[in-house]
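Engineer: Have a look at this one.
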Amino acid sequence: MEVHLISIGVLALSFLVGATRGINLGAAALVGGGAIVLLVSDGGVEQLYSAFPADLFVLLVGVTFLFGIATVNGTIEWVVDMLGRAVRGRASVMPWILFIVAGVVTSLGALAPVVVGLVAPIGLRLAKNYRISPRLAGLMILHGASCGNFSPVNLLGATVNSTLERAGLEPNPVALFAANVGYNVMLGIIIYCLFGGLQLLRKERDAVAASVVGRTPALAYAGGSSLVSQGPVADRGGATTGGDGDDAAAVGSTEGERSDSSGGERFSLIKGLTLAIIVAVGVIAMVGKVDLGVLALSAGVVLTIFAPKSSSGGSKRIAWDVVLLITGVVTYVGLLNENGTIKFVGDAANSLGSPLATAFLICLIAAVVSSFASSAGIIAVLIPLAMPFLLEGDISVTGMAIAIAISSTVVDSTPFSTIGAVALSNADQEDRSYTYRGFLAWGALMVVTAPILTMIFVLPGLR
1 MEVHLISIGV LALSFLVGAT RGINLGAAAL VGGGAIVLLV SDGGVEQLYS AFPADLFVLL
61 VGVTFLFGIA TVNGTIEWVV DMLGRAVRGR ASVMPWILFI VAGVVTSLGA LAPVVVGLVA
121 PIGLRLAKNY RISPRLAGLM ILHGASCGNF SPVNLLGATV NSTLERAGLE PNPVALFAAN
181 VGYNVMLGII IYCLFGGLQL LRKERDAVAA SVVGRTPALA YAGGSSLVSQ GPVADRGGAT
241 TGGDGDDAAA VGSTEGERSD SSGGERFSLI KGLTLAIIVA VGVIAMVGKV DLGVLALSAG
301 VVLTIFAPKS SSGGSKRIAW DVVLLITGVV TYVGLLNENG TIKFVGDAAN SLGSPLATAF
361 LICLIAAVVS SFASSAGIIA VLIPLAMPFL LEGDISVTGM AIAIAISSTV VDSTPFSTIG
421 AVALSNADQE DRSYTYRGFL AWGALMVVTA PILTMIFVLP GLR
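Numbered by UniProt numbering, the letters in the sequence shown go through residues 1 to 463 in order.
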C-alpha cells in the first residue's frame with residue numbers, strides 16, 4: 001500500500017510543481033517517475049522506460065511532421081480555402097461541420113486518434129482563418145470524434161461488448177452507441193454556446209441585417225459568398241481569443257474580414273501530391289489498421305525526399321513541447337499501472353458495500369486515469385474489475401457499461417489524452433498555451449461531471 005500512496009502523492013506533486021513553477025509537466029512527471037523506480041519500486045529504471053509510450057511519441061511526431069509539411073507548402077491553406085467556399089464563409093457553421101465529419105468517420109470504424117489526426121490540422125487552421133476560437137474548434141473535433149467511439153464496428157464498442165459477452169453478460173450495443181452519441185451531442189451544444197458559437201451567429205445575423213437596410217454591404221467571402229466570415233480577434237498577445245470570458249471576443253470584430261487577404265491559395269502539383277498522400281495515409285490507417293504515426297512519419301519523409309524545397313521547414317513544426325508534456329505524463333500513469341496502483345484503487349472501490357457508491361468510484365477512476373492514459377486500455381481494465389458486483393445482479397449491466405464508457409472517453413478532451421494531445425499539437429504556436437488552458441479546464445470539468453451525470457444510466461437498474 002505504501003508504494004501506491006507514494007506514487008499518487010508524487011503525481012500530485014508533479015502537477016503542483018508544473019503549475020506553479022512553469023516547468024513542463026511532462027518533464028516533472030518523468031523526474032517523479034525516476035524517483036519512484038529508484039527509491040521505492042523494485043523494478044529499477046527499466047520499469048520507467050518500459051512504461052514510455054513509444055507509439056504515442058511516434059504518433060505525435062509523425063502527424064505534426066506530415067501536417068507541418070502540408071502547412072509550409074500551402075496544402076492546408078488550400079483545403080481550408082475550399083472548405084470556406086463550400087459553406088460560403090459561414091464561420092458559425094464550421095464548428096458543426098468539424099463535429100459531424102469526425103463523428104461520422106469514427107462511427108464507421110475509424111479510431112479517434114486517426115480521425116483527429118486528420119481533421120484537427122485542417123479544422124484549427126480553418127478556425128484561425130475565420131476568427132473562430134481554437135478552443136471551440138478543437139473541442140468540437142474531439143467530442144465529434146468521441147461520438148463514434150462505441151459504434152458496434154469501432155474498436156472501443158467492440159471491446160466493451162466482447163468483454164461483457166466473455167463474462168456471460170448480455171451487452172446492448174445499440175443502447176451503448178446511442179447513449180454515447182446523445183451525451184457528446186449535448187456537450188457539443190454546450191461547447192458551442194460557451195466558446196463563442198452564439199457570437200458567431202449573432203455577427204452573421206447583424207451583418208446580413210445591416211446589408212438589408214443599406215447600412216453596409218453584405219460581406220463577401222473570396223469565393224463569391226454573400227455571407228459573412230469573421231473579423232479580427234481581440235489582441236491577446238498575438239493569440240486567438242475565446243473561452244472563459246474572452247471567447248466572445250474570439251469571433252471577431254464587425255469588420256467581417258478574413259484573417260488573410262490573399263484571395264485564396266492556388267492549386268499546384270505539390271499540393272495535389274501532398275493531399276493525395278494525406279488521404280492515402282488516412283485510408284490505409286483506417287482500413288488497413290496500420291499505425292497512423294508510422295504512416296504519417298513515412299509520408300513526411302517521402303515528401304521531403306521528392307520535394308525538398310517545398311517541404312523545407314516541416315520538421316520545425318513538430319510540437320516538441322507537447323510531445324514532452326504528453327509522453328512524460330503518460331509514462332508516469334503507465335508506471336502506476338505497472339506497479340499496481342491503479343488496480344489497488346479499483347479493488348478498494350469494489351470493497352464498498354453500496355453498489356451505487358462502487359459504480360460511482362469505478363467511473364471516477366475511469367475518468368481520472370483516462371484523462372492521462374489510453375481510454376481503450378482503461379475500459380479493458382475497469383469493466384473486468386466491475387464484474388464481481390455486476391454478476392451479483394444488483395446493478396444494470398447496460399447502464400454500468402454506458403457509465404464506464406462515457407466516463408472513460410469524454411475526458412479525452414484533456415491535453416494529456418492521445419486525441420487531446422494531437423489536437424493541441426496542431427494549434428498555432430501563438431495559440432498553444434491558450435488552447436492548452438482551455439482544454440485543461442474543460443477536461444477537468446469532464447473528469448468531475450462525467451462520473452456524476454452518468455449515474456443517470458445506472459440508477460434505473462438498481463435493485
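Think of the CB as a built atom: it goes at the ideal place given N, C-alpha and C, for glycine as much as any other residue. Given the structure is predicted, the values throughout are model-derived calculations rather than measurements.
(1) Counting pairs of Cβ atoms below 8 Å between the stretch 269–286 and the stretch 111–120, do you hit three or more?
(2) Should residue 368 and residue 447 be called a contact, given that it needs their Cβ atoms to be closer than 9 Å?
(3) Using the beta-carbon count (16 or more within 10 Å), is residue 351 buried or exposed?
(4) Tell me where the alpha helix (DSSP H) around residue 28 begins and ends.
(5) Between the Cα of residue 140 and those of 184, 156 and 444, spot the shortest distance and give me the residue it belongs to.
(6) Classify residue 147 as buried or exposed, calling it buried when 16 or more other Cβ atoms lie within 10 Å of its own Cβ.
(7) Do you know how far the Cα of residue 437 is from the Cα of residue 244?
(8) Pick out whichever of 383, 305 and 319 has its Cα sitting closest to the Cα of residue 343.
(9) On a Cα-Cα basis, can you pick out the residue from 194, 81, 209 and 278 that is closest to residue 67?
(10) Which whole runs of the beta strand (DSSP E) in the stretch 271–325 are 3 residues long or more, in chain order?
(11) In the structure shown, what three-state DSSP assignment does residue 184 receive?
(12) Leaving out the 5 sequence neighbours to the left and right, which residues in its chain are closer than 6 Å to residue 444 when beta-carbon positions are compared?
(13) If you run the structure through DSSP and keep just helix, strand and coil, what is residue 42?
(14) Residue range of the alpha helix (DSSP H) that residue 508 falls in?
(15) If you draw a straight line from the C-alpha of residue 467 to the C-alpha of residue 83, how long is it?
(16) Touch check for the stretch 396–410 and the stretch 357–367: three-plus C-beta pairs under 8 Å?
(17) Should residue 144 and residue 188 be called a contact, given that it needs their Cβ atoms to be closer than 9 Å?
(18) Give the DSSP-derived three-state secondary structure of residue 86 in the structure shown.
(19) Going by beta carbon distance, what residues of the same chain come within less than 6 Å of residue 49, once the five residues before and after it are set aside?
(20) Starting from residue 430, follow the alpha helix (DSSP H) in both directions and report where the run begins and ends.
(21) On a CA-only basis, which of 165, 107 and 131 is nearest residue 177? Give me that one, please.
(22) Less than 9 Å separating the beta-carbons of residue 70 and residue 121?
(23) Assign residue 167 to one of three DSSP states: helix, strand, or coil.
(24) Measure the CB-CB distance between residue 293 and residue 142 and report whether it falls below 9 Å.
(25) When the cut-off is 9 Å and only beta carbons count, does residue 65 lie next to chain D?
(26) Just curious, the alpha helix (DSSP H) that residue 355 is in, first and last residue?
(27) Considering only their Cβ atoms, is the gap separating residue 425 from residue 64 smaller than 9 Å?
(28) Rounding to the nearest angstrom, what Cα-Cα distance links residue 186 and residue 174 in this structure?
(29) For residue 110 and residue 15, what's the separation of their Cα atoms in angstroms?
(30) Where does residue 414 sit, in a helix, a strand or coil, going by DSSP?
(31) Helix or strand or just coil, what does DSSP make of residue 108?
(32) Given a cut-off of 9 Å on the beta-carbon distance, is the pair residue 359 and residue 400 in contact?
(33) Let me check understanding here. Comparing Cα to Cα, which of 336, 355, 362 and 334 lies closest to residue 347?
(34) When DSSP labels each residue in this structure, what does residue 6 get in the three-state scheme?
Structural biologist: Per the coordinate set shown:
(1) Output reads yes: the stretch 111–120 touches the stretch 269–286.
(2) In this structure, residue 368 sits near residue 447, with a CB-CB distance shorter than 9 Å.
(3) So residue 351 counts as exposed.
(4) Where residue 28 is concerned, the enclosing alpha helix (DSSP H) stretches over 25–39.
(5) For residue 140, the closest C-alpha among the options 184, 156 and 444 is that of 184.
(6) Classification for residue 147: buried.
(7) Because residue 244 sits at a pLDDT of 43, beneath the cut-off of 50, its placement in the model cannot be relied upon, and the following sentence gives the value as read from the coordinates. In this model, residue 244 and residue 437 are separated by some 10 Å (Cα to Cα).
(8) Closest option to residue 343, judged by alpha-carbon separation, among 383, 305 and 319: 383.
(9) Of the listed residues, the one whose Cα sits closest to residue 67 is 278.
(10) Listed in chain order, the beta strand (DSSP E) elements of length 3 or more contained wholly in the stretch 271–325 amount to none.
(11) In this structure, DSSP gives residue 184 a helical state, which the three-state scheme calls helix.
(12) None.
(13) In the three-state scheme derived from DSSP, where H, G and I count as helix and E and B as strand, residue 42 is classed as coil.
(14) Within the shown structure, residues of the chain are numbered from 1 to 463, placing residue 508 beyond reach of any answer.
(15) Nothing in the structure corresponds to residue 467, since the chain is present only between 1 and 463.
(16) Yes, since at least three Cβ pairs between the stretch 396–410 and the stretch 357–367 fall closer than 8 Å, the two stretches touch.
(17) In contact: residue 144 and residue 188 (Cβ atoms closer than 9 Å).
(18) In this structure, residue 86 counts as helix in the three-state DSSP scheme.
(19) Close CB contacts of residue 49 within its chain, under the 6 Å cut and outside five residues either way in sequence, are absent.
(20) Residue 430 -> alpha helix (DSSP H) spans 429–453.
(21) Measuring from the Cα of residue 177, the nearest candidate turns out to be 107.
(22) Against a cut-off of 9 Å, the Cβ pair of residue 121 and residue 70 comes out as a contact.
(23) Coil at residue 167, not helix or strand.
(24) Taking the C-beta atoms as reference points, residue 142 is found no nearer than 9 Å to residue 293.
(25) Judged by its chain identifiers, the structure shown contains no chain D, having just a single protein chain.
(26) Where residue 355 is concerned, the enclosing alpha helix (DSSP H) stretches over 355–370.
(27) Contact flag set, yes.
(28) Counting only the Cα atoms, residue 174 lies some 18 Å from residue 186.
(29) About 33 Å.
(30) In this structure, DSSP gives residue 414 a state outside helix and strand, which the three-state scheme calls coil.
(31) It is coil, neither helix nor strand.
(32) Contact annotation: residue 359 and residue 400 have beta-carbon atoms nearer than 9 Å.
(33) Of the candidates 336, 355, 362 and 334, the one whose C-alpha sits nearest the C-alpha of residue 347 is 362.
(34) Note: residue 6 maps to helix in three-state DSSP.
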